[in-house]
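Counting in the numbering used here, the sequence shown runs from 107 upward without gaps. Ideal Cβ placement from N, Cα and C applies to all residues, glycine included. Report on one structure; see the data block that follows.
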Amino acid sequence: EPETGPGREYFVDRFGRVFEQVVAESDAMRIVFHTEAGEAHQTAKANIGVAMSKLDWSAEENVESKLSDWLAERVQLALNIEEQCYDSVLIKLAEDDWVWYFYTHHLVMDAWGVGVVYRRVAELYAQREGQEAAMPRFADFVLAHTAEPKQENPFWAAYREALPAPASHYNRSAVLGAAQSRRVRLD
107 EPETGPGREY FVDRFGRVFE QVVAESDAMR IVFHTEAGEA HQTAKANIGV AMSKLDWSAE
167 ENVESKLSDW LAERVQLALN IEEQCYDSVL IKLAEDDWVW YFYTHHLVMD AWGVGVVYRR
227 VAELYAQREG QEAAMPRFAD FVLAHTAEPK QENPFWAAYR EALPAPASHY NRSAVLGAAQ
287 SRRVRLD
């Protein structure tokens, strides 16, 4: 919840910067799709270049009803997956009441991934500005959140140790887009 007075504008600006940082850290948030010669291709862009939208309904009446109607309409809009595969809007309902709308295409993120984005935004927003804490590799994240991490299965321990350095998913690789995928056609 933002502070009172002029701190509210800081809240909006800071929230936008935090979200932009999360987009920059995650190639899943920067994936776009295009077709060439009838085949679909995906690319992780270096920069999406689209700022989070902001709406201010604080002076309007029946904002809860307006929000409900807006959400019902908004989720029906098709994303232009050639530009970005998510939609993010910060909505001011009242002086101290804000809603963050975040929607992603299932091509790039499932519900679990959305939860990771929510937690990352909250983590970065809670930090003092200027501090940086990189997201962990997925394998390290799973290991840290297992019920008994000291009892790791030897097979999975060896598998995790053999993993390559993190790819550009968290924008830490020197070569963006170095990850490859193998396409299999089933006829």
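Give the range of the alpha helix (DSSP H) segment to which residue i is assigned.
i	result
Val169	169-180
Glu267	260-267
Ala157	Looking at the DSSP string, Ala157 is not in any alpha helix (DSSP H), and its letter there is neither H nor E.
Which of the three DSSP states is assigned to residue i in this structure?
i	result
Trp204	strand
Leu199	strand
Gln127	helix
Ala134	helix
Ala250	helix
Ala184	coil
Looking at the strands, I want to know which residues DSSP matches up with residue i.
i	result
Asp193	Tyr209
Phe139	Gln148
Asp119	None, per the DSSP bridge assignment.
Asp162	Lys198
So residue i packs on residue j, CB below 8 Å; how close in whole Å?
i	j	result
Ile137	Val214	5 Å
Val124	Val222	Contact doesn't hold; Cβ gap of about 14 Å is too wide.
Leu199	Trp163	6 Å
Could you tell me the boundaries of the beta strand (DSSP E) in which residue i lies?
i	result
Val214	Premise fails: Val214 is in no beta strand (DSSP E) and is neither H nor E.
Gln148	145-150
Between residue i and residue j, what straight-line distance do the alpha-carbon atoms span, to the nearest angstrom?
i	j	result
Thr141	Ala264	39 Å
Leu269	Gly122	33 Å
Val169	Val129	29 Å
Arg120	Asp202	16 Å
Ala143	Tyr192	25 Å
Ile187	Gln148	10 Å
Thr210	Val220	8 Å
Arg225	Ala184	26 Å
Gln190	Leu230	22 Å
Glu167	Ile197	14 Å
Phe261	Val195	43 Å
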